[in-house]
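This report concerns only the one structure given below.
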Amino acid sequence: MQRHTAVPFWRDVRVLTVFSQVAFVLVLAVAAGFLYANLSFAMRQRGLVAGFDYLNLEAGFEIGEVLVSYSPADTYGRAFFVGLLNTLLVSGVGIVLATILGVVTGVARLSTNWLVNRIAAIYIEIMRNTPLLVQLVFIYFGVFMKLPPVRDSLEFSSLLFANQRGVFMPRPIPSPSFAAWFVCAAFGIGVAILLWRLLSRHPKTQATYVPILSATGALLLIAGSGWTLIGDSPIGIDLPVKGRFNFTGGIGLSSEFSALLVGLVIYTAAFIAEVVRGGIQAVKRGQIEAARAVGLGEMQILRLIIFPQALRIIVPPLTSQYLNLAKNSSLAIGIGFPDLFSVNTTIANQTGQPVPVIMLVMATYLAMSLFTSLIMNIYNRYVQILEK
Amino acid sequence: MTTAIETIGPPRTSVGVLGWLRKNLFSTWYNTLLTIVTLWVIWVVGSGLLSWSLTSARWDVITANARLFLIGPYPPDQVWRVWLVVVIVSVLFGLSGGVWGGTIRTFTMSLAGGYVTLAVLSLFVFPLGEGFVWLIANLVIVLAAYFVGRGRKAWQGWMIPLWLAAFVLTIVLLQGFAKNEWLPEVSTTKWGGLLLTFMLSVVSIVVSFPLGVLLALGRRSKLPVVRIFSILYIELVRGVPLITILYMTQIMLPLFLPGEIRIDNVVRAMVGMTLFTAAYLAENVRGGLQAIPLGQIEAAQAVGLNNALVTLFIVLPQALRMVIPAIVGLFIALFKDTTLVMIVGLLDLLGVGRSVLAQPEFMGLQIEVYIFVAAVFFIFSYAMSFASYRLEAALGVGKR
Chain R
1 MQRHTAVPFW RDVRVLTVFS QVAFVLVLAV AAGFLYANLS FAMRQRGLVA
51 GFDYLNLEAG FEIGEVLVSY SPADTYGRAF FVGLLNTLLV SGVGIVLATI
101 LGVVTGVARL STNWLVNRIA AIYIEIMRNT PLLVQLVFIY FGVFMKLPPV
151 RDSLEFSSLL FANQRGVFMP RPIPSPSFAA WFVCAAFGIG VAILLWRLLS
201 RHPKTQATYV PILSATGALL LIAGSGWTLI GDSPIGIDLP VKGRFNFTGG
251 IGLSSEFSAL LVGLVIYTAA FIAEVVRGGI QAVKRGQIEA ARAVGLGEMQ
301 ILRLIIFPQA LRIIVPPLTS QYLNLAKNSS LAIGIGFPDL FSVNTTIANQ
351 TGQPVPVIML VMATYLAMSL FTSLIMNIYN RYVQILEK
Chain P
1 MTTAIETIGP PRTSVGVLGW LRKNLFSTWY NTLLTIVTLW VIWVVGSGLL
51 SWSLTSARWD VITANARLFL IGPYPPDQVW RVWLVVVIVS VLFGLSGGVW
101 GGTIRTFTMS LAGGYVTLAV LSLFVFPLGE GFVWLIANLV IVLAAYFVGR
151 GRKAWQGWMI PLWLAAFVLT IVLLQGFAKN EWLPEVSTTK WGGLLLTFML
201 SVVSIVVSFP LGVLLALGRR SKLPVVRIFS ILYIELVRGV PLITILYMTQ
251 IMLPLFLPGE IRIDNVVRAM VGMTLFTAAY LAENVRGGLQ AIPLGQIEAA
301 QAVGLNNALV TLFIVLPQAL RMVIPAIVGL FIALFKDTTL VMIVGLLDLL
351 GVGRSVLAQP EFMGLQIEVY IFVAAVFFIF SYAMSFASYR LEAALGVGKR
């Protein structure tokens, strides 16, 4: 005979599961409803609206730095776009430069040269243990704002200028003969790639020999002979010219942009350096000893054994550093660079509608973060496949 | 017959100072070159910095505003309350150092050393008034508490509740009560300087701790609704910059609350930082939860514990112990991030620096002020990261 004792419903896991979830949703709904009721009441009371209609209104304020044409007569939507582009620019350039500096510092941190090793360690510790915002205001107010005025700009062999307004450098511009030379240079690149492939796939030299010399030699030869044959220079140079109040021509980087970029790069590079060091150190000692045993040189060990394995460990934490840099670029408001957040605080103040404005900004940052993680996850998968 | 065997020592160039130099600085031609270039750079930068800081730098901007940098606009006649908080911290640090020993003892001793340094500085460099007496008193208290607590392992269990009680007491002491003669109310808008920086970071980490643990458990919950909510919260917060959250709490928190509840800027900033920290803390705790071997849970279930008890007595204690270094790391990040409240107009250490620079007599001294602010942050952050490193070694995280 089977004794069947029914589990009372208050101890039945299935009932409990459903019940607790319903309860959780109910609590959330009540809390959300309470907050929403307060919000809509407060917004009505203060004449705030929830929509995004403000984006079509005239902005009416100047933005110091723009990548696309913008005037105060444009809409708030356009101003938002200008800020977004500025954020993307400083993050993009910052990520590239921070990676370079970070890798160099990370390798320096592992140097057998005691002095270089210590200097790298001190640099990393100072950067990691002081707030980024303090570094930014120091670089902007303590360094860039202390540069001489335009009149007495610092000058480096009449090419590079630095003053309170920013940094100015020459810009290459294509001249009429550029197209012809470009075809020639493209041909050179093609030949170089072909050479590279053929030589590095050669069964005897495979994987131990990099045809840097032959490939770059071919490229330089073809592109260089094209340059001389065409006659007049295919690339002109637009030099910055000192005007009465500011420089014209060339590439001008405002001191706000430069300070933000320098601050973000040197701060993030310290974190990237630690990531790189950790990745390299995580490669097993036996791998390196085995590589030595089969007769690889030190550079070959670095390139063929350490680097590919370290990369796998490095990519995920590197991704979060890139995300941090992009998010930290919002500190631009501390030094007056018109990035996404800074422009939108102005918009919020002018329209008096902070709620939709801040929502849109948060959504944009979120989208940027998700997009960056997506790209880096794809890259990560690509790197990880090499394992097999 | 034995012959004395002549032993030949290693070549002089491979041992001692010369050997060390050769091995570490001049091993190859490029290392030699690197060493020389680095030495030259150190010389140029170091001598320039030293001569600037000793001759042309005007450090009087720091000494003249010492009180502002430490406590901001906190009423001068109520400063004793801040000193009392320091006394509480001294007592607890002394006791903890005695009871636990190890890394914490190092910290207790560093704190005592800090008091001595500050006391000497206050005699010769910047006047702190009666602060000198308080510093000496604290020195005595921290040492006395250390000797009281030394070796009393039985008190270990009391330390965490004591610290939590001290946290509540600190807030009551600093805040005071409305219409109270002995402890008049000092609203949080009057908190500033280093005091505000500390209070912001400590309040945020303490309050976000339970939230973060709940979110971490929620993210691993079997209930889809709870899990999705936790994931959404964590990923939303981690995907946006802190400054947007601070801005949102500054502007929107008053809108979310019923009209009769009013909270000031500082509390709004605390709410923002807490909401932000909870998401990151949840991720750290989740790392610890995932590292618990399944056998632990199965064994606990086998002896008849239900799910709540397994989590409370088996999983959480082990997981939290494992993530202590990560939480210290998070606290350091939070401590540095408190500077962002300057952007929303609060007078934390950096905000005080900016307001000092607005005084006409101290215009243009940005380098001095910001170097000082950075140095203060560096001292505390470096000490904490050192502690985290030692703790990691002591707990044996990652080495098994």
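Residue numbers (my numbering), protein chains in the order written: chain R, 1 to 388; chain P, 1 to 400. For each residue, glycine too, the CB sits at the ideal point set by N, CA and C.
Notebook entry, point to check: Do we get a CB-CB distance below 9 Å when we pair isoleucine 24 of chain P with the residues of chain R?
Noted result: For clarity, residue 24 of chain P is asparagine in the given sequence; the question names isoleucine instead. So, interface residue.
Next item on the list: Would you mind stating whether valine 206 of chain P and phenylalanine 177 of chain P have Cβ atoms separated by less than 9 Å?
Entry: No, these two residues do not count as a Cβ contact at 9 Å.
Next item on the list: Tell me, please, whether the CB atom of tyrosine 247 of chain P is closer than 9 Å to any CB atom in chain R?
Entry: It does; some Cβ of chain R falls within 9 Å.
Notebook entry, point to check: For threonine 268 of chain R, which option in R:Ile305, R:Gly250, R:Pro354, R:Leu325 has the closest C-alpha, if you only look at C-alpha atoms?
Noted result: Of all alpha-carbon atoms in R:Ile305, R:Gly250, R:Pro354, R:Leu325, the one lying nearest the alpha-carbon of threonine 268 of chain R is that of R:Leu325.
Item checked: Whole-angstrom distance between glycine 102 of chain R and phenylalanine 307 of chain R, CA atom to CA atom -> C-alpha separation (whole angstroms): 15 Å.
Check: What in chain R is Cβ-close to tyrosine 382 of chain P, meaning under 8 Å?
Finding: In chain order: Glu125, Asn129.
Notebook entry, point to check: Can you list the residues of chain P that serine 20 of chain R reaches, using a CB-CB cut of under 7 Å?
Noted result: For serine 20 of chain R, the C-beta contacts it makes with chain P under 7 Å involve Leu223, in order along the chain.
Item checked: C-beta neighbour in chain R for tyrosine 389 of chain P, strict 9 Å -> Residue-level contact check: tyrosine 389 of chain P does not touch chain R, since none of the beta carbons of chain R fall below 9 Å from its beta carbon.
Notebook entry, point to check: Exposed or buried, which one is glutamate 387 of chain R when buried takes at least 16 other CB atoms within 10 Å?
Noted result: The predicted model places glutamate 387 of chain R with a pLDDT of 46, which falls under 50 and marks its position as unreliable; any figure quoted below should be read in that light. Under this definition glutamate 387 of chain R is an exposed residue.
Next item on the list: May I have the straight-line CA-CA distance separating serine 153 of chain R from phenylalanine 257 of chain R, to the nearest angstrom?
Entry: Looking at the two C-alpha atoms, the distance is approximately 18 Å.
Notebook entry, point to check: What span of residues does the beta strand (DSSP E) with arginine 390 of chain P cover, start to end?
Noted result: Premise fails: arginine 390 of chain P lies in the alpha helix (DSSP H), 366-395, not in any beta strand (DSSP E).
Margin query: Taking only three categories from DSSP, how would you classify asparagine 86 of chain R?
Written below: DSSP places asparagine 86 of chain R in helix when its eight states are reduced to three.
Check: Is the beta carbon of glutamine 250 of chain P less than 9 Å from the beta carbon of alanine 269 of chain P?
Finding: It is a contact, given that the beta carbons lie within the stated cut-off.
Margin query: DSSP three-state label for threonine 248 of chain R, please.
Written below: The answer is strand: DSSP assigns threonine 248 of chain R an E or B state.
Next item on the list: Answer yes or no: does any C-beta atom of chain P fall closer than 9 Å to that of glycine 106 of chain R?
Entry: Chain P places no beta carbon closer than 9 Å to that of glycine 106 of chain R, leaving this residue out of the contacts.
Next item on the list: Note down the Cα distance separating leucine 261 of chain R from glycine 64 of chain R, rounded to an integer number of angstroms.
Entry: One Cα belongs to leucine 261 of chain R, the other to glycine 64 of chain R, and the distance between them is close to 16 Å.
Margin query: Is there a C-beta anywhere in chain R that falls below 9 Å from the one on proline 241 of chain P?
Written below: So, interface residue.
Next item on the list: Compute the Euclidean distance between the alpha carbons of asparagine 380 of chain R and valine 116 of chain R, then round it to the nearest angstrom.
Entry: Rounded to whole angstroms, the gap between the alpha carbons of asparagine 380 of chain R and valine 116 of chain R is 31 Å.
Check: Distance, Cα to Cα, proline 170 of chain R vs glycine 329 of chain P?
Finding: Going by the C-alpha atoms only, they are around 44 Å apart.
Margin query: Please list, in chain order, the chain R residues whose beta carbon lies closer than 7 Å to that of leucine 236 of chain P.
Written below: Around leucine 236 of chain P, the beta-carbon contacts reaching into chain R at under 7 Å are Leu366.
Check: Checking contacts by CB at 9 Å: is alanine 119 of chain P closer than that to chain R?
Finding: Not one chain R Cβ lies under 9 Å of alanine 119 of chain P.
Checklist line | One or two residues paired with isoleucine 173 of chain R in a DSSP bridge | finding: R:Gly236.
Next item on the list: Tell me whether the beta-carbon of alanine 291 of chain P lies closer than 9 Å to the beta-carbon of alanine 319 of chain P.
Entry: Between alanine 291 of chain P and alanine 319 of chain P, the C-beta spacing is below 9 Å.
Check: Can you name, in chain order, every residue of its own chain whose Cβ lies under 7 Å from the Cβ of leucine 173 of chain P, other than the five neighbours on each side?
Finding: Take leucine 173 of chain P, set aside five residues on each side of it, and the residues of its chain with a beta-carbon closer than 7 Å to its own are Arg81, Leu84, Val85, in chain order.
Item checked: Rounded C-alpha distance that separates leucine 264 of chain R from phenylalanine 144 of chain R -> Looking at the backbone, the Cα of leucine 264 of chain R and that of phenylalanine 144 of chain R are separated by about 15 Å.
Check: In the region 257-285 of chain P, which residues sit with their C-beta less than 9 Å from some C-beta in chain R, listed in chain order?
Finding: Of all residues in the region 257-285 of chain P, only Leu257, Pro258, Gly259 place a beta-carbon less than 9 Å from a beta-carbon of chain R.
Check: Would the region 366-375 of chain P and the region 307-321 of chain P be scored as touching if the rule is three or more Cβ pairs under 8 Å?
Finding: No: the two stretches stay apart, fewer than three of their Cβ pairs being nearer than 8 Å.
Checklist line | Contact set between the region 330-348 of chain R and chain P, restricted to residues whose Cβ is under 8 Å from the partner | finding: If the cut-off is 8 Å between Cβ atoms, the region 330-348 of chain R has Ser330, Leu331, Ile333, Gly334, Phe341, Thr345, Ala348 near chain P.
Margin query: What would DSSP say about threonine 75 of chain R, mapped onto helix, strand or coil?
Written below: Collapsing the DSSP output to three states places threonine 75 of chain R in a strand.
Check: Taking the alpha-carbon positions, what's the methionine 385 of chain P to glutamate 289 of chain R distance?
Finding: Per the sequence shown, the amino acid found at residue 385 of chain P is serine instead of methionine. Approximately 33 Å, taken between the alpha carbons.
Next item on the list: Verify the CB distance criterion: does proline 354 of chain R have a CB-CB separation below 9 Å to chain P?
Entry: So yes, proline 354 of chain R belongs to the interface.
Check: DSSP state of glutamate 58 of chain R, grouped into three classes?
Finding: It is a strand residue.
Next item on the list: Please confirm if lysine 284 of chain R has its CB atom under 9 Å from at least one CB of chain P.
Entry: False, the Cβ-Cβ gap to chain P never drops below 9 Å.
Notebook entry, point to check: Interface residues of chain R around serine 27 of chain P at Cβ under 7 Å?
Noted result: Simply Thr112.
Margin query: Quick check: is the beta carbon of isoleucine 288 of chain R nearer than 9 Å to any beta carbon in chain P?
Written below: No, isoleucine 288 of chain R does not count as interfacial toward chain P.
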